[in-house]
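*Asks:* Input: one structure, supplied below.
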Amino acid sequence: MNVISPQAAPPQASSKYDLGFARWVYANVEGGAKMSLCMQCGVCSGSCPLGDAEMDHGPRKLFMMVRAGMKDAVLGSTTIFNCTSCYNCVVRCPREVPVQYILQSLATKAVAEGYAEAVKTDNTRFSGAFNWSTAKFGRTDERLMTAKYYFSFGLIAAMKMSMANLKIALSMIKRKRMHLGAPHRIKGTGELRAILAKAAEIESSAGGGS
Amino acid sequence: MSDKGKIGVYLCGGCGIGEAVDLDGLEQVASGEFKAPVCKKHDYLCGEEGRKMISGDIASGDVDKAVIAACSPRVMSDKFQFGGAQTIRANLREQVVWSHPAGDEDTQMLACDQVRMAITQAVRVSPPEPWKEGDFSSKVLVVGGGFTGMTAAMETSRAGYEVVLVERADQLGGMMREGAKVLAETPPYRELRDTPITALIEEVEADGRISVITGATVAKTSGMPGKFEVELSKGGAETPAETPAETVGAIVVATGWRPYDAGKLGHLGYGASPDVVTGVELDEMLAAGPALRKSDGKAPKAVAFVLCAGSRDPEHLSYCSTVCCGASIRQALQLLQAEPETMTYIVFEELRTPGVAEEHYRAAQEAGVIFIKGKVSGVDSGGGAGLVVTVDDALLGEETPLGGLDMVVLATGMVPNSTNIDAPSPEMDEEKLSALSADIDPEAPISVAGYLQDASDDADDKEDAAKEDAGEGEAAPPTYPEGGSILNLQYRQGPHLPILADGFSDSHYICFPYETRRTGIYACGPLRRPMDLAESALDAAGAALKAIQAIHNVKEGRALHPRSGDLSYPKIGLEICTKCRRCTVECPFGAFDEDENDYPILNPTRCRRCGTCMGACPVRAISFDNYSVEMLTSMAKAVEIPDEMDEKPRILILACQNDAYPALDMAGAAGCQYSAHVRIIPVRCLGSVSILCASDALSAGYDGVILMGCKSGDDYQCHFVKGSALAGVRLSKIEETLKSMMLEKERVSSMEVAISDSASVGKMIDDFVAVIDEIGPNPFKGF
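Chains as they are written, first to last, in the numbering used here: chain A, 1 to 210; chain B, 1001 to 1783.
Next comes the structure, spelled out in C-alpha cells:
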C-alpha cells in the first residue's frame, strides 16, 4: 500500500494529521496494515482490563493519535508497555484489527527508538531484567532476575523491596523454587547467542512488521 | 319504512354470536320493526352453504340489498361480495359479542341497535354509479430528464405505455455528468463503476414510445387524472417559439435536486479561497479529468472533506441529505486512485453510510482515508501555508488544527427542485399558501372557508394569550419555496404541488410513497426526499407503476389510493348550494374548482372519496350514492334511546374507518371489554363528519358524541391528510350550538386513535362514559 523504505525511522509529523507517521506504522508495525480499518468504536478500550491508572491512553485513542501523527506521545505512552496481552481486544474487535499485536510491535519500536528508557514503567523494567536473564543464561534465574529488576529502581529502593519480599524468598529457597550459588544455564549458550544475533540481523534488515 | 330496495337480513350465529346474543330477538327487529321482506339465520354464514342461501335469494329477485349481521366489515369482504346486490354489514362479532359480556341485557340491546343501524343504512344507499365520461388518455408525462425521470420513463415504456419526457435543460442527464463515477452496486463494493447515465440517455432516445422534449418547461396543467391538458413552453418566456400541448393520463414529477447554496457557507471558508470547493464542483472536475487546484492548477496533495456542510444545521438545511457521506467517500477514493499518496481526510460529525456506502467506507479506510470525528469550527486560508480546517476532534478530545491542506471540499446537501428557481414565484393568497405548505403543521391555522373570519377571531384571542404567555413575536406566515411552479396547475387551490416538510413534495413518507396531495401526480427521486441513485431507481419504478395504476383506475371510474376501487364520487346538489366555498377550500386534494359564478365544479378523477367536502358543506348539498350526511344521521337516529329512568346512556361514536374502527375491532379480537352504551358508526374520514351529525345526535337524545379519528399534526396518520384536524376545528364551532341548546360542551369530544391503540381505546371510551354519567342524562331525551 504505502511504500516506505523499511529501514527508515518513524518520521516526525510537521503538523497534526500529517500522515507520514501513520503510514510508517501501517507499513512497519505488525498488524499495522489492518489498523486503517479501525473505526474508533472503542470496544478495545472498553474490553481492556487495565484502567486509566495503568495506561495513559486506551488503545482506541492511541490509534487515533497514530493517525494524528503524534509520534512522541504514541511511542512514549505507557499503553504499549503495560498491555498484559489478554487478547480481549483482539477477540472482540468488530473490524478484526489485531490490537494487541500492534501494541506489542509498537513497544518494540519504542525500545529501538529509545523511548522506553524515558517511560520506565514496571513492565519496561521487568522486561529488561527478563530479557537480560534469558539472553545470558538461556533461562530465567529467579534470584538474579529479581535482583536486576529491583536494582533498576535504585539502591535504596532495591534494599527496601528485597527486605519486603525476604520471607517469600526464603520460603522459595526452602521449597527449592529458588537456589543459591551459580545460576543454572542451558547447555548451548553460545548457540543461543548466535540465534539471537541472527534474529537481530533479520529484524534490522526487514524492519520488523513480519 | 323500507321503500328503497328489497332488503334481506342475514343473521350469523357463528364465532360465538349465537351463544352470546338472542338471534330471535334480532330477527324480531328485522322482520317486526323494519318489516324486512327476508330475514334468515344461519350458524355459519361465510361458509359455502350460508353464502349459497344469500346468493339464492338474490338470484330469485327477492333481495337486492343484503344486510349481513356477522363479523366486522373489515373481514370476509370477499366472501360477502354478491353480484347484483349491495352488501351492508352489521358488526356483531368484534364490536358486540367479543367486546361485551355474553347474555347481558346491554349486549343484546347493542346487537339489536347494530341491526337497526345496518338496515337503516341499507335503506339510504344505492349502488354507486362510476364516473367515466369522455375520453381518457393512457399517456404518462414525466417532468425531469435526469436519472430518476429517465428511469421512470423507461419503466413506463417497458410496461407498454407512451411517455412524454420533458426536460428543462437542452440535454438529458440532469445532475449526473458523463464521465462521472458512482458507488459500486455489486460485491465486493470496492471498484467504483462508471455512471449509468450515458447508457440510459441512449436507451431513452432510442425508445419508440418515449418522446423527449428538451429545453422545455410546463406552462400549464389543467384537467384531471385521465385527462390532464398540459401546455409546454419552449425557449423561454420571451420567445414562445412553440407551445406544444399534450393530453396525458398521469404525471410523474422527477425534477430532482440542486446543491445547497454554498455562498451561504462563508463560515466554512467558501469564497475565501478558490480551493474551498463544493462536492458538486469537485465532481465536475473529476468527471472532466484529474481534480486540480483552482488557484494554481496543481494536483492537491492534502485534501479535507467537510461533511454536513450546511446540513443538519438549523441555520441552513435542518435535515440530513443521506448521500453526501457516501459521495465524499467516493470522491476520496477517486482522489486516492489517481494519486495513492494524497492525504485525504474526511471530517464528520456522524457518518451515515446507508446501503452499499458502508462497504465503500471500509474500502476508503483500507485505502488510507483518515476519518476524523468532530465539529468543524472554521476553515482558514492559512496565510500561504495551505488551508487549515480546525476541528473539535472528538476522538482525540482536543481542538485540532488540520493544517497544510491543498483543497477543502464542502459536502453540501440536497435541496429539492419543488419549484423552478429560474422563474418568478407566482402570487398566492395566504389561504392557498397555507393549504400548500402548512396543512400538516400542527401550529398552522387550517383554512376553513366561511369559518375563516370567526375562526381567526378565536384564534387571535387564543394566540394573543399564548403570545403573552410565551412572549413570542408574530407567528410566521406560511411560505412556499421561492420560484415558479413546476406544473403550473390550473387548480382552485394554487399552482404548486403541496409540500410535506423542508420543501419536499410528498404526501406521507411511510404510508403513501410517491403520492402527492394532487391525485394522479406522482413525485419520485430526490424531489420526494434526499436519496441516492439506487433508491431513485426504485422510486422511479414505483411512481411509474402508480401512474399506470391511475390511468387504469380512472378509466373505470375507480378511486385511487387509499380508497382504491371505490366507485362512488361526491354529487353536488347545486340547487341548494350557497356558494360558501367550504368544499373547494377544504378538499385536501384540490378536487374542486369554481366556475365563473363561484359554484363548485368537481373534477371526479382528482377526488379520493374521503368525503371532506361532504363534512364541510353546511347545507348537506354534497353526498355520495352510498354515503351521505343523511345516511349517518338516520343510522344514529335508528338506535333505540332508552328512557332517562333506565339509566342507560347512549353515546354515539363516529369512528374513522382507517385507524379508529380497526383499533376498535382489534380491541374486540383481543377480548378488551368496554361500555355497551356506545353505538359505533364507521365514517370514511373524520373530515367527512358534518358538525350537523353531532348536533342532530344530541337533539335525538344521545348523551354524548365522540369523534374518533387518526393522529393529526407533524406525524399525522390521517389517510386524507387533515381529517381529524378539520374535525377539531369544526368541533370548536359546536360549543355555541351546545350553549344555545343548554348542553354541556363536554358531551362532544374528539379522540385521536392510532391503529396501535387497540389496548387503550376501550379505556378511552369508558372514561368518556364516566364523564357523561357525571354530567347526567341529556334533557332532550324523549322529545
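For every residue, glycine included, the Cβ atom is placed at its ideal position computed from N, Cα and C.
Under three-state DSSP, which class holds Phe1034(B)?
*Replies:* Looking at Phe1034(B) - three-state DSSP - the assignment turns out to be coil, as it is neither helix nor strand.
*Asks:* Alpha carbon to alpha carbon, what distance is there between Arg1293(B) and Gly1404(B)?
*Replies:* Cα-Cα distance, rounded: 14 Å.
*Asks:* What separation, rounded to the nearest whole angstrom, lies between the Cα atoms of Leu1602(B) and Ser1425(B)?
*Replies:* Approximately 27 Å between the Cα atoms of the pair.
*Asks:* In whole angstroms, what separates the C-alpha of Gly188(A) from that of Ala197(A)?
*Replies:* So the two alpha carbons sit approximately 14 Å from each other.
*Asks:* Would you mind giving the Cβ-Cβ distance between Pro988(B) and Ser1505(B), rounded to the nearest angstrom? I have them listed as a contact below 8 Å.
*Replies:* Since the displayed chain B opens at 1001 and closes at 1783, residue 988(B) lies outside it and no answer follows.
*Asks:* If we define contact as Cβ-Cβ less than 8 Å, is Asp1457(B) a contact residue for chain A?
*Replies:* Summary for Asp1457(B): the model assigns pLDDT 45, below 50, so the residue's position carries little reliability; its value from the coordinates is reported in the next sentence. No, because no Cβ of chain A sits closer than 8 Å to the Cβ of Asp1457(B).
*Asks:* If the cut-off is 8 Å on Cβ atoms, which residues from the segment 9 to 37 of chain A count as contacting chain B, listed in chain order?
*Replies:* Here the close residues are Ser14, Ser15, Lys16, Tyr17, Asp18, Leu19, Ala22, Arg23, Tyr26, Ser36 and Leu37.
*Asks:* With a Cβ-Cβ cutoff of 8 Å, do Glu1246(B) and Val1164(B) count as a contact?
*Replies:* Closer than 8 Å, so yes.
*Asks:* Does any residue of chain A bring its CB to less than 8 Å from the CB of Gln1337(B)?
*Replies:* Cβ-Cβ to chain A under 8 Å: no for Gln1337(B).
*Asks:* Can you check DSSP and say which residues form a bridge with Trp1257(B)?
*Replies:* Beta-bridge pairing links Trp1257(B) to Pro1416(B).
*Asks:* Does DSSP classify Thr1151(B) as helix, strand or coil?
*Replies:* Residue state, collapsed to three classes: helix.
*Asks:* Output yes or no for whether 8 Å exceeds the beta carbon distance between Lys1571(B) and Ser1623(B).
*Replies:* For Lys1571(B) and Ser1623(B), yes; Cβs fall inside 8 Å.
*Asks:* Span of the alpha helix (DSSP H) holding Ile1201(B)?
*Replies:* Start and end: Ile1197 to Ala1206.
*Asks:* Run the CB neighbour count on Phe194(A), radius 10 Å, all protein chains shown included, and call it buried at 16 or more, exposed below.
*Replies:* Note that residue 194(A) is Ala in the sequence shown here, rather than Phe. So Ala194(A) ends up on the exposed side.
*Asks:* Can you say whether Asp1665(B) is buried or exposed, counting buried as having 16 or more other CB atoms within 10 angstroms of its CB?
*Replies:* It counts as buried.
*Asks:* Would you call the segment 1562 to 1569 of chain B and the segment 1283 to 1293 of chain B in contact, with 3 or more CB pairs under 8 Å?
*Replies:* As far as the Cβ criterion goes, the segment 1562 to 1569 of chain B does not touch the segment 1283 to 1293 of chain B, which means the pair count is below three.
*Asks:* What residue range is occupied by the uninterrupted alpha helix (DSSP H) comprising Ile1499(B)?
*Replies:* Per DSSP, Ile1499(B) belongs to no alpha helix (DSSP H) and is neither H nor E.
*Asks:* If you draw a straight line from the C-alpha of Lys71(A) to the C-alpha of Asp1539(B), how long is it?
*Replies:* Whole-angstrom Cα-Cα distance: 50 Å.
*Asks:* Could you spell out the range, first to last residue, of the alpha helix (DSSP H) harbouring Asp72(A)?
*Replies:* Segment Lys71 to Leu75, the alpha helix (DSSP H) holding Asp72(A).
*Asks:* What residues in the segment 86 to 120 of chain A have a beta carbon less than 9 Å from any beta carbon of chain B?
*Replies:* Those residues of the segment 86 to 120 of chain A that come within reach of chain B (Cβ to Cβ, closer than 9 Å) are Arg95.
*Asks:* So, does the CB of Ile1440(B) fall closer than 8 Å to a CB anywhere in chain A?
*Replies:* Chain A contact via Cβ: absent.
*Asks:* Tell me whether Tyr149(A) is buried or exposed, calling it buried when 16 or more other Cβ atoms sit within 10 Å of its Cβ.
*Replies:* Label assigned to Tyr149(A): buried.
*Asks:* Is there a Cβ from chain B that is less than 8 Å from the Cβ of Met172(A)?
*Replies:* Answer no: the Cβ-Cβ gap between Met172(A) and chain B never drops below 8 Å.
*Asks:* Does the segment 1149 to 1168 of chain B come close enough to the segment 1521 to 1538 of chain B to have 3 or more Cβ pairs within less than 8 Å?
*Replies:* Counting Cβ pairs under 8 Å, three or more are found: they touch.
*Asks:* Jot down the residue ranges of each uninterrupted beta strand (DSSP E) in the segment 1038 to 1116 of chain B, minimum 3 residues, whole runs only, in chain order.
*Replies:* As far as the segment 1038 to 1116 of chain B is concerned, its whole beta strand (DSSP E) runs of at least 3 residues are 1038 to 1042, 1065 to 1070 and 1086 to 1091.
*Asks:* Going by the DSSP bridge assignment, what does Leu1654(B) pair with across the sheet?
*Replies:* Note: Leu1654(B) sits in a beta bridge opposite Ile1681(B) and Leu1707(B).
*Asks:* Are any of the Cβ atoms in chain B nearer than 8 Å to that of Ala73(A)?
*Replies:* So, not an interface residue.
*Asks:* Would you be able to state if there are at least three C-beta pairs under 8 Å between the segment 1254 to 1262 of chain B and the segment 1295 to 1305 of chain B?
*Replies:* Too few Cβ pairs lie closer than 8 Å, so no.
*Asks:* Which residues in the same chain as Gly1369(B) place their Cβ atom closer than 8 Å to its Cβ, once the five residues preceding and following it in sequence are excluded?
*Replies:* Position check: residue 1369(B) holds Val in this sequence, whereas Gly was assumed. Closer than 8 Å at Cβ, skipping near neighbours: Ile1329, Ala1332, Leu1333, Leu1336, Thr1344, Tyr1345 and Ile1346.
*Asks:* For Ala1459(B) and Ser1690(B), what's the separation of their Cα atoms in angstroms?
*Replies:* With a pLDDT of only 44 at Ala1459(B), under 50, the local geometry of the prediction cannot be trusted, and the value read off the model is given with reservation. About 21 Å.
*Asks:* If you measure beta-carbon to beta-carbon, which residues of the segment 1337 to 1352 of chain B are closer than 7 Å to chain A?
*Replies:* Listed in sequence order: Met1343 and Tyr1345.
*Asks:* Since Leu1141(B) contacts Val1212(B) with CB under 8 Å, what's their CB separation in whole angstroms?
*Replies:* Rounded, the Cβ-Cβ distance is 12 Å, inconsistent with contact.
*Asks:* Answer with yes or no whether the minimum CB distance from Gly1403(B) to chain A is below 8 Å.
*Replies:* So yes, Gly1403(B) belongs to the interface.
*Asks:* How is the beta strand (DSSP E) around Val1369(B) delimited, first residue to last?
*Replies:* No beta strand (DSSP E) contains Val1369(B), which DSSP labels as neither H nor E.
*Asks:* For the alpha helix (DSSP H) containing Pro1662(B), list its first residue and its last residue.
*Replies:* Note, Pro1662(B): alpha helix (DSSP H), Ala1660 to Ala1669.
*Asks:* So Ile1329(B) contacts chain A; which residues on that side make the cut at Cβ distance below 7 Å?
*Replies:* None at all; the shortest Cβ gap to chain A is about 13 Å.
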